[in-house]
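Under our numbering, think of the first position of the sequence shown as 1, with each following residue one higher. Think of the CB as a built atom: it goes at the ideal place given N, C-alpha and C, for glycine as much as any other residue. A quick write-up on the structure given underneath.
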Amino acid sequence: MKNSRLFEILYLLMEKRSITAGELAERLEVSERTIYRDIDALSAAGIPVFTQKGQGGGIRLMEQFILDKALLSQAQQDEILFALQAILATGGAAEGETLARLTALFRRESASWLEVDFTDWGSGAAERENFALVKGAILARKALSFTYYSSAGAQSRRTVEPARLVFKSGCWYLSAYCRTRQDWRIFRLVRMGNLVEEEGVCPPRQPPERLEAPLPDGYRGVDLRLRFAPSASWRVRDYFHPNQITPEPDGGLRVDCTFPEDQWLLSFLLSFGGQVEVLSPVYWRSILAGESKKILAVYETGQNVSDLKEYPYDRGREEDPAQHKEVISMEERKFCQCCGMPLDKPEDAGTEVGGSLSSDYCRYCYQDGAFTAPDATMEDMIAFNLKFNAENGFPFGPQEEAERNMRSWFPALKRWKNA
């Protein structure tokens, strides 16, 4: 019992450097007389402990007393702290008291550079090699330079001050202060190439508590409603959060989610093949149909992929995304260029002067070559459609989602494009 108390006193002195006999007695539930006897025992064992009287005094350790001079090298200390932090992150330890004590014992300011989220596991040779290099740079407080490849394929050279390794969604990431961007950034290890450790030591920086990947320039999100076949349920539940999933009577799953509207989203949806159907927004149905025809052309007609017409989303963001939507949505189906109603049947079309069918407008919006509501605005049309949606069981989806889709799509319709 006494030996345990002596170690407890030593740990507290290493952590706080100065503490009164009264505080130690209260903490260890013994008398102050017992504390002074313990201090004498520590001194007899060669521990440089002394007492200082007066205001601000107390029991102290000499500043020169640190454990690494007696037992462990700095590299060995780092490896111990790394292992303990990893065990704590996986739930393998009930609390972090041991880690906190060793951090104080080794005279480290912080051992919180590692954050692990073990929701999945996955690693490759390049990622493991990068992990070792990044871990060494964090422990040595060295800057790193590397070539980084974004998810959109952009390539850039970065110099960063690495702070923390994060395991998230089955992948390792580096949280670092980017000198190139002058801000905190997160980098996926497997996309880092040609890593070089810079000379000198990085200044101490405290990383954000939670670091989210910054949105790319020109980011444009889209709210999707998807229906997945029962055969895809295992993958859907692996990928989407439970609050995004609604089971359907036939065993299928409906998913409401938001994604960046880019080429990655197209590839992601196509990876489900015939197991997914886009319910809204409607123009994404045409996007998938158009891309499927390109795939069919490669395998049935023998066309080379480089011979196929470049898909609008491959051209980047130089053009207005709303124009992309107009081109894509008209590719396979026609929609009223006033209210957005599908023109799938001849009887749905409006009429021109003389009775010929209009190719642009529905019968509710256009008759005899004129609009039925000539003074209506786009806002009026959106309000009308939302009222129709509410009165007819929400065929366009929830009101908030329906309104977002209309405000995104309607500016590309012919009547409102130049209004």
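On the three-state DSSP scale, how would you describe residue 418? Locating residue 418 in the sequence shown gives position 418, where the first residue counts as 1. Coil at residue 418, not helix or strand.
Counting Cβ pairs closer than 8 Å, one from the segment 239-250 and one from the segment 272-285, do we hit at least three? No contact exists between the segment 239-250 and the segment 272-285.
So for residue 198, helix, strand or coil by DSSP? Numbered from 1 along the sequence shown, position 198 holds the residue referred to as residue 198. Coil.
Which residue wins for smallest C-alpha separation from residue 179, given the options 400, 202, 287, 236? By one-based count along the sequence shown, residue 179 stands at place 179. When each option's Cα is compared against that of residue 179, the closest is 202.
Suppose the cutoff is 8 Å on Cβ atoms and the five residues either side in sequence are ignored; what does the same chain contact list for residue 198 look like? If you number the sequence shown from 1, residue 198 lands on position 198. Cβ neighbours of residue 198 within its own chain (closer than 8 Å, five residues either side excluded): 142, 143, 144, 145, 159.
Rounded to whole angstroms, what is the Cα-Cα separation between residue 70 and residue 47? Position 70 of the sequence shown, counted from the start, is the residue given in the question as residue 70. Position 47 of the sequence shown, counted from the start, is the residue given in the question as residue 47. Residue confidence is low: residue 70 scores 47 on pLDDT, short of 50, so the model does not pin down where it sits. Its coordinate-derived value is still stated next. Residue 70 and residue 47: Cα-Cα distance of roughly 12 Å.
For residue 132, which of helix, strand or coil comes out of DSSP? Along the sequence shown, read from residue 1 onward, the residue named residue 132 stands at position 132. Collapsing the DSSP output to three states places residue 132 in a helix.
As an exercise, report each continuous alpha helix (DSSP H) stretch of at least 4 residues that is fully enclosed by the segment 217-266, in chain order. 233-239
In the DSSP assignment, find the alpha helix (DSSP H) that holds residue 383 and state where it starts and stops. Position 383 of the sequence shown holds residue 383. Where residue 383 is concerned, the enclosing alpha helix (DSSP H) stretches over 378-391.
According to DSSP, simplified to helix, strand and coil, what is residue 168? Translated into positions along the sequence shown, residue 168 becomes position 168. Reduced to three states, the DSSP call for residue 168 is strand.
Residue from 367, 348, 339, 362 whose Cα sits closest to the Cα of residue 355: Counting from 1 along the sequence shown, the entry for residue 355 is found at position 355. Measuring from the Cα of residue 355, the nearest candidate turns out to be 367.
Are the CB atoms of residue 228 and residue 252 within a distance shorter than 8 Å? On the sequence shown, position 252 is the one that residue 252 refers to. On the sequence shown, position 228 is the one that residue 228 refers to. Yes.
Look at the alpha carbon of residue 42 and the alpha carbon of residue 30, and state the distance between them as a whole number of angstroms. Within the sequence shown, the letter at position 42 stands for residue 42. Within the sequence shown, the letter at position 30 stands for residue 30. Rounded to the nearest angstrom, the two C-alpha atoms are 17 Å apart.
Using the C-alpha atoms, what's the distance from residue 14 back to residue 137? As a working note, residue 137 is residue 137 in the sequence shown. As a working note, residue 14 is residue 14 in the sequence shown. Taking the CA atoms as reference points, residue 137 sits about 27 Å from residue 14.
Between which residues of its own chain and residue 385 is the CB-CB distance below 8 Å, once the five residues before and five after are set aside? Counting from one through the sequence shown, the residue named residue 385 turns up at place 385. Within the same chain, residue 385 has close Cβ partners 339, 340, 396, 402, 406.
Please report the straight-line C-alpha distance between residue 57 and residue 173, rounded to a whole angstrom. Looking up residue 57 in the sequence shown gives position 57. Looking up residue 173 in the sequence shown gives position 173. For the pair residue 57 and residue 173, the Cα-to-Cα distance works out to about 46 Å.
Residue range of the beta strand (DSSP E) that residue 59 falls in? Here the question's residue 59 lines up with position 59 in the sequence shown. First-last of the beta strand (DSSP E) with residue 59: 58-61.
On the DSSP bridge assignment, give the partners of residue 183 in chain order. By one-based count along the sequence shown, residue 183 stands at place 183. Answer by DSSP bridge pairing, in chain order: 178.
Residues of its chain near residue 8, where Cβ-Cβ distance is below 7 Å and the 5 sequence neighbours each way are ignored: The residue labelled residue 8 in the question sits at position 8 within the sequence shown. Closer than 7 Å at the Cβ level, and outside the excluded window around residue 8, lie 28.
Straight-line CA distance for residue 394 to residue 281? Within the sequence shown, residue 394 is the residue found at index 394, counting from 1. Within the sequence shown, residue 281 is the residue found at index 281, counting from 1. Near 14 Å, if we compare the C-alpha coordinates of residue 281 and residue 394.
Look at residue 134 and residue 61 and say whether their C-beta atoms are less than 8 Å apart. Residue mapping note: residue 134 aligns to position 134 of the sequence shown, counting from 1. Residue mapping note: residue 61 aligns to position 61 of the sequence shown, counting from 1. Between residue 134 and residue 61, the gap from beta carbon to beta carbon reaches 8 Å or more.
Contact set for residue 416: own chain, Cβ-Cβ below 7 Å, skip 5 residues either direction: Taking the first residue of the sequence shown as position 1, residue 416 is located at position 416. If we look at residue 416 and ignore the five residues flanking it on each side, its Cβ neighbours are 378, 410.
Taking residue 16 as the reference, give the member of 171, 34, 39, 59 with the closest Cα. Reading the sequence shown from its first residue, position 16 is the one you call residue 16. For residue 16, the nearest C-alpha among the options comes from 59.
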